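Trainee: Before I ask anything, here is the structure I am working with.
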Amino acid sequence: MPEAATAPDVRATIGDSEFDRDTALTPRAPGVYDIDLSAGWTIISAVNGGYLLAVLGRALADALPHADPFTISAHYLTASQPGPAVVRTDLVRTGRTLSTGQASLFQYDDEGREVERIRVLASYGDLDALPDDVRTTAQPPAIPPMEHCFGPEDGPAPVDGSSAIADRLMLKLDPSTLGWALGQPSGKGEMRAWFGLADGRDHDPLSLLLAVDALPPTAFEIGLKGWVPTVELTVHVRCRPAPGPLRVSITTRNLAGGFLEEDAEVWDSADRLVAQSRQLARVRLG
Numbered sequence: 001m002p003e004a005a006t007a008p009d010v011r012a013t014i015g016d017s018e019f020d021r022d023t024a025l026t027p028r029a030p031g032v033y034d035i036d037l038s039a040g041w042t043i044i045s046a047v048n049g050g051y052l053l054a055v056l057g058r059a060l061a062d063a064l065p066h067a068d069p070f071t072i073s074a075h076y077l078t079a080s081q082p083g084p085a086v087v088r089t090d091l092v093r094t095g096r097t098l099s100t101g102q103a104s105l106f107q108y109d110d111e112g113r114e115v116e117r118i119r120v121l122a123s124y125g126d127l128d129a130l131p132d133d134v135r136t137t138a139q140p141p142a143i144p145p146m147e148h149c150f151g152p153e154d155g156p157a158p159v160d161g162s163s164a165i166a167d168r169l170m171l172k173l174d175p176s177t178l179g180w181a182l183g184q185p186s187g188k189g190e191m192r193a194w195f196g197l198a199d200g201r202d203h204d205p206l207s208l209l210l211a212v213d214a215l216p217p218t219a220f221e222i223g224l225k226g227w228v229p230t231v232e233l234t235v236h237v238r239c240r241p242a243p244g245p246l247r248v249s250i251t252t253r254n255l256a257g258g259f260l261e262e263d264a265e266v267w268d269s270a271d272r273l274v275a276q277s278r279q280l281a282r283v284r285l286g
């Protein structure tokens with residue numbers, strides 16, 4: 001079993017944490033929600049894609065008959081900025097065990113016109129109703145104990161500019177994936193870390209949507225620098241995570257034409273694969 005994280009003096013709880021407050025939405029009309037996107041989840045000047053996915057995931061959990069995301073696919077159309085936004089949801093289909101819906105997040109341009117930032121399609125169900133039968137060849141990532149790993153507080157900021165999101169995370173990176181921070185990237189598209197929320201809040205399906213997109217990009221360890229914006233991100237939530245820190249492993253096998261894929265696995269403290277994802281991201285070459 002993995003070692004537990006050092007708990008904060010006062011732990012936040014699910015439903016009463018900064019993450020919950022910053023993803024909370026105000027209903028305006030059936031299926032329509034207002035939110036003020038927090039600047040606390042930015043990297044450089046853009047709002048983190050995992051945080052945004054959690055916002056949309058929370059809206060769909062409220063709008064659909066089922067509460068837990070099983071699969072959610074997002075296309076990031078334009079960069080989101082901190083500030084007012086509106087989320088609109090639509091029920092596509094509902095059944096006994098699964099409901100499918102779509103949602104879009106909009107912000108406003110300088111002339112007050114709505115600009116669509118993200119569009120998602122998702123299927124929701126009840127994770128607690130799933131059978132316990134697991135047949136897998138997947139293995140938890142081999143990450144050193146937390147005290148032998150390093151966080152943002154141990155070195156320079158991952159990228160130039162704002163990294164406000166780092167203050168809201170408990171992130172301890174595997175030293176073997178930290179060559180980029182020392183100016184010696186390995187050339188391998190790998191990133192592994194212990195992951196949690198800085199206020200000690202345990203994880204739930206919505207925070208898993210954040211976890212798959214919260215580590216430094218694998219492009220850094222390939223030897224590239226700068227922002228790596230997500231084009232499309234699909235997340236599969238496999239089960240409700242146990243209390244304690246998560247382990248996140250992300251790999252890239254192919255960079256071509258200025259795009260790369262990132263495949264993520266998220267493991268909980270009970271050694272269960274609780275989430276998987278794949279995203280396509282754009283990179284800056286040269």
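The sequence shown begins at 1 in UniProt numbering and counts up by one. Glycine included, every Cβ here is placed at the ideal spot set by N, Cα and C. The structure presented is a predicted model; accordingly, all values stated were derived computationally and were not measured.
Please state whether DSSP places TRP227 in a helix, a strand or coil.
Mentor: Of the three classes helix, strand and coil, the one that applies to TRP227 here is coil, per DSSP.
Trainee: Let me confirm a value: PHE19 is counted as buried when at least 16 other C-beta atoms fall within 10 Å, else exposed. Which label applies?
Mentor: Result: buried.
Trainee: Along the chain, where does the beta strand (DSSP E) that runs through ILE14 open and close?
Mentor: Where ILE14 is concerned, there is no enclosing beta strand (DSSP E), given that its DSSP letter is neither H nor E.
Trainee: Any chance the stretch 49-61 sits against the stretch 215-226, with 3 or more Cβ pairs inside 8 Å?
Mentor: Verdict: no, contact absent.
Trainee: Quick check on this structure: which residue in ILE143, ALA54 and ASP167 has the alpha carbon closest to the alpha carbon of ASP154?
Mentor: Measuring from the Cα of ASP154, the nearest candidate turns out to be ASP167.
Trainee: If I'm right that GLY101 touches ALA63 with Cβ under 8 Å, what's the distance once you round it to whole angstroms?
Mentor: With a Cβ gap of about 6 Å, GLY101 and ALA63 count as contacting.
Trainee: Where in the UniProt domain "Acyl-CoA thioesterase-like C-terminal" (161-283) do unbroken runs of the alpha helix (DSSP H), each at least 4 residues long, occur, reported from the N-terminal end onward?
Mentor: Listed in chain order, they are 205-211 and 219-222.
Trainee: Where do the N-terminal and C-terminal ends of the alpha helix (DSSP H) with CYS58 fall, by residue?
Mentor: Here residue 58 turns out to be Arg, not Cys, going by the sequence shown. Counting along the chain, the alpha helix (DSSP H) containing ARG58 begins and ends at 49-63.
Trainee: Measure how close the beta-carbons of SER277 and LEU233 come, nearest whole angstrom, since I'm counting them as under 8 Å.
Mentor: With 8 Å as the limit, SER277 and LEU233 qualify as a contact, their Cβ atoms being about 6 Å apart.
Trainee: Out of PHE150, GLY200, THR177 and ALA129, point me to the one whose CA is closest to MET191's CA.
Mentor: Among PHE150, GLY200, THR177 and ALA129, the Cα nearest to that of MET191 is on THR177.
Trainee: Judging by CA-CA distance, which residue of LEU197, TYR51, LEU182 and ALA164 is the nearest neighbour of LYS172?
Mentor: Nearest of LEU197, TYR51, LEU182 and ALA164 to LYS172, Cα basis: LEU197.
Trainee: What is the DSSP secondary structure of ALA79, reduced to helix, strand or coil?
Mentor: Here ALA79 sits in coil by DSSP.
Trainee: Output the boundary residues of the beta strand (DSSP E) element that contains THR26.
Mentor: THR26 -> beta strand (DSSP E) spans 26-29.
Trainee: Span of the beta strand (DSSP E) holding ASP133?
Mentor: From DSSP, ASP133 is part of no beta strand (DSSP E); its letter is neither H nor E.
Trainee: Just to check, is the beta-carbon of ASN48 closer than 7 Å to a non-hydrogen atom of the ligand ZN?
Mentor: Among the components modelled here there is no ligand, and therefore nothing to report on the ligand ZN.
Trainee: Can you list, in chain order, the residues of its chain with a C-beta nearer than 8 Å to that of THR78? Leave out the 5 residues immediately preceding and following it.
Mentor: These residues qualify, in order along the chain: VAL115, GLU116 and ARG117.
Trainee: Rank VAL274, PHE106 and ALA181 by C-alpha distance to the C-alpha of VAL248 and give the top, closest one.
Mentor: Residue VAL274 is the option with its Cα nearest to VAL248.
Trainee: Taking buried to mean at least 16 other C-beta atoms within 10 Å of its own C-beta, is PHE70 buried or exposed?
Mentor: It is buried - the Cβ of PHE70 has at least 16 other Cβ atoms within 10 Å.
Trainee: From ARG119, THR89 and ILE14, pick the residue whose C-alpha is nearest to that of GLY31; which is it?
Mentor: When each option's Cα is compared against that of GLY31, the closest is THR89.
Trainee: So what does THR94 bridge to, in DSSP terms?
Mentor: The partner list for THR94 (beta bridge, DSSP) reads SER99.
Trainee: So, with DSSP's three-state summary, where would you put GLU114?
Mentor: In the structure shown, GLU114 sits in a strand (DSSP, three-state: E or B).
Trainee: In the DSSP output, which residue or residues are listed as bridge partners for ILE72?
Mentor: DSSP output for ILE72 lists ALA122 and VAL235 as bridge partner(s).
Trainee: Alpha carbon to alpha carbon, what distance is there between ASP109 and SER269?
Mentor: Roughly 43 Å between the two C-alpha positions.
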